[in-house]
Amino acid sequence: MHKLRIYVVKDIMRTEIEFLTDPLTGEQPVMNLIRRLQADALHDAGSMQLYKFVLRGLEFLHRYGLQEAFRRYFETQREDGTPYTIILVKKLKNHVPLLEFRVNWKGTGAFRAIFFEHRLPEVQVLAFARAVIKQDTFDPAFEQIAVQAEDDLAAFIAHPEKYISLVGDDS
Numbered sequence: 004m005h006k007l008r009i010y011v012v013k014d015i016m017r018t019e020i021e022f023l024t025d026p027l028t029g030e031q032p033v034m035n036l037i038r039r040l041q042a043d044a045l046h047d048a049g050s051m052q053l054y055k056f057v058l059r060g061l062e063f064l065h066r067y068g069l070q071e072a073f074r075r076y077f078e079t080q081r082e083d084g085t086p087y088t089i090i091l092v093k094k095l096k097n098h099v100p101l102l103e104f105r106v107n108w109k110g111t112g113a114f115r116a117i118f119f120e121h122r123l124p125e126v127q128v129l130a131f132a133r134a135v136i137k138q139d140t141f142d143p144a145f146e147q148i149a150v151q152a153e154d155d156l157a158a159f160i161a162h163p164e165k166y167i168s169l170v171g172d173d174s
């Protein structure tokens, strides 16, 4: 009798997250907001919880990649052990091909980062351009960073070598 063998080939595409630098200010807007949230977390429990969710969400995205983030919920736990589940990534229909990284925490707000995907051989680069913590479903600040991120994407497409290394490493 022959045994049936099933092989699952893991996608060999590696995911890298890059925090883009604003060419006008020399700052990294997304990383700056994460650092501000970290500083606020020292004296505010809500900021601490949101900060931890953002870090765990980025870790999930880095580990599983964009396509998996579209297929499955991000699941983690609050500090009190209660489950926390969210769809971590969403397509921005009014700003294609931009994507939205989403984490919410009641009372503190909704962390939103706008990013886009760039593919290299065997590497999926997720380029995080802009971020905001919003308090309402519609927030003009979010719309403003979406427009800025469209400009970031155009600049990136024109000269990706200014933002990321186009040469793979052997590590």
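Counting with my numbering, you get residues 4 to 174 for the letters of the sequence shown.
A virtual CB, placed ideally from N, CA and C, is assigned to each residue, including glycine.
C-alpha gap between Asp-25 and Ala-72, whole angstroms = Along the sequence shown, one-based indexing puts residue 25 at 22. Along the sequence shown, one-based indexing puts residue 72 at 69. Approximately 26 Å between the Cα atoms of the pair.
Look at the alpha carbon of Asp-142 and the alpha carbon of Gly-84, and state the distance between them as a whole number of angstroms.
-> Locating residue 142 in the sequence shown gives position 139, counting from the first residue. Locating residue 84 in the sequence shown gives position 81, counting from the first residue. Their backbone Cα atoms lie some 31 Å apart in a straight line.
Give the DSSP-derived three-state secondary structure of Gly-110 in the structure shown.
-> Translated into the one-based positions of the sequence shown, residue 110 becomes position 107. Three-state result, Gly-110: coil.
Does DSSP classify Arg-39 as helix, strand or coil?
-> Reading the sequence shown from its first residue, position 36 is the one you call residue 39. DSSP, reduced to helix, strand and coil, places Arg-39 within a helical segment of the structure shown.
Please report the Cβ distance between Glu-153 and Arg-17, rounded to the nearest whole angstrom; I am assuming they are in contact, meaning their Cβ atoms lie under 8 Å.
-> Counting from one through the sequence shown, the residue named residue 153 turns up at place 150. Counting from one through the sequence shown, the residue named residue 17 turns up at place 14. Separation of the CB atoms of Glu-153 and Arg-17 is rounded to 27 Å, and the pair is thereby denied contact status at 8 Å.
Which class does Pro-86 belong to by DSSP, given the choice of helix, strand or coil?
-> Mapped onto the sequence shown, residue 86 falls at position 83. Taken through DSSP and simplified to helix, strand or coil, Pro-86 comes out as strand.
Phe-159 (DSSP reduced to helix, strand or coil) | By one-based count along the sequence shown, residue 159 stands at place 156. It is helical.
Beta-carbon separation of Leu-91 and Ile-117 under 8 Å?
-> Mapped onto the sequence shown, residue 91 falls at position 88. Mapped onto the sequence shown, residue 117 falls at position 114. Contact annotation: Leu-91 and Ile-117 have beta-carbon atoms that are not nearer than 8 Å.
At which residues does the beta strand (DSSP E) containing Lys-137 begin and terminate?
-> For the purposes of this step, residue 137 is taken as the residue at position 134 of the sequence shown. Looking at the DSSP string, the run of the beta strand (DSSP E) that includes Lys-137 is 126-137.
Helix, strand or coil for Arg-75, going by three-state DSSP, please let me know.
-> To locate residue 75, count along the sequence shown from 1; it is residue 72. In the structure shown, Arg-75 falls within a coil segment according to DSSP collapsed to helix, strand and coil.
Whose CA, out of His-65, His-121, Leu-69 and Leu-129, lies closest to the CA of Ile-160?
-> Locating residue 160 in the sequence shown gives position 157, where the first residue counts as 1. Of the listed residues, the one whose Cα sits closest to Ile-160 is His-121.
Mind checking who Lys-94 pairs with in its DSSP beta bridge?
-> Here residue 94 corresponds to residue number 91 of the sequence shown, with the count starting at 1. According to DSSP, residue pairing for Lys-94 in a beta bridge involves Leu-102.
For the beta strand (DSSP E) holding Ile-20, just list the boundary residues, first then last.
-> The count along the sequence shown starts at 1 and reaches residue 20 at position 17. Boundaries of the beta strand (DSSP E) around Ile-20: 17-22.
With burial defined as no fewer than 16 other Cβ atoms inside 10 Å of the residue's Cβ, what is the status of Leu-7: buried or exposed?
-> Numbered from 1 along the sequence shown, position 4 holds the residue referred to as residue 7. Residue confidence is low: Leu-7 scores 45 on pLDDT, short of 50, so the model does not pin down where it sits. Its coordinate-derived value is still stated next. Under the 10 Å beta carbon count, Leu-7 is surrounded by fewer than 16 other beta carbons and is classified as exposed.
Measuring alpha carbon to alpha carbon, tell me which of Phe-119, Arg-115 and Arg-39 ends up nearest Ser-50.
-> Within the sequence shown, numbered from 1, the residue matching residue 50 stands at position 47. Minimum Cα distance to Ser-50 is reached at Arg-39.
State yes or no: is the C-beta of Ile-136 within less than 8 Å of the C-beta of Gly-110?
-> In the sequence shown, residue 136 corresponds to position 133, counting from 1. In the sequence shown, residue 110 corresponds to position 107, counting from 1. It is not a contact, given that the beta carbons lie outside the stated cut-off.
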